[in-house]
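Residue numbers (the numbering used here): 205 to 279.
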């Protein structure tokens, strides 16, 4: 959470988290979840998305999951 708080975009938050000591991969993964919720899918650098194995399948599944989510009644 610290890396997201101390940056202003998805890329920088993840890079900052990944360069911390100790369990950097888990810290960066958690930062990615928080930054993704904050900045949205479009904020993820395209070259990072392109490197994902089965990127299109993941994006399709995420879209289907979003479509099935209940409406947000809290806003």
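Where is the CB? At the ideal position from N, CA and C, for every residue including glycine.
*Simplified DSSP state of residue 260, which is helix, strand or coil*: Here residue 260 refers to the residue found at position 56 when the chain shown is read from its first residue. Residue state, collapsed to three classes: helix.
_DSSP three-state label for residue 273, please._
Position 69 of the chain shown, counting from 1, holds the residue named residue 273. Of the three classes helix, strand and coil, the one that applies to residue 273 here is coil, per DSSP.
*Keeping to the same chain, check which residues put their C-beta closer than 6 Å to that of residue 214; ignore five residues upstream and five downstream.*
Locating residue 214 in the chain shown gives position 10, where the first residue counts as 1. So the qualifying residues of the chain are 239, 243, 247 and 248.
*At which residues does the alpha helix (DSSP H) containing residue 211 begin and terminate?*
Stepping through the chain shown from its first residue, residue 211 is reached at position 7. No alpha helix (DSSP H) contains residue 211, which DSSP labels as neither H nor E.
*asked:* Quick check on the DSSP output: the alpha helix (DSSP H) that includes residue 244 runs from which residue to which?
replied: Here residue 244 corresponds to residue number 40 of the chain shown, with the count starting at 1. Element bounds for residue 244: n/a, residue is neither H nor E.
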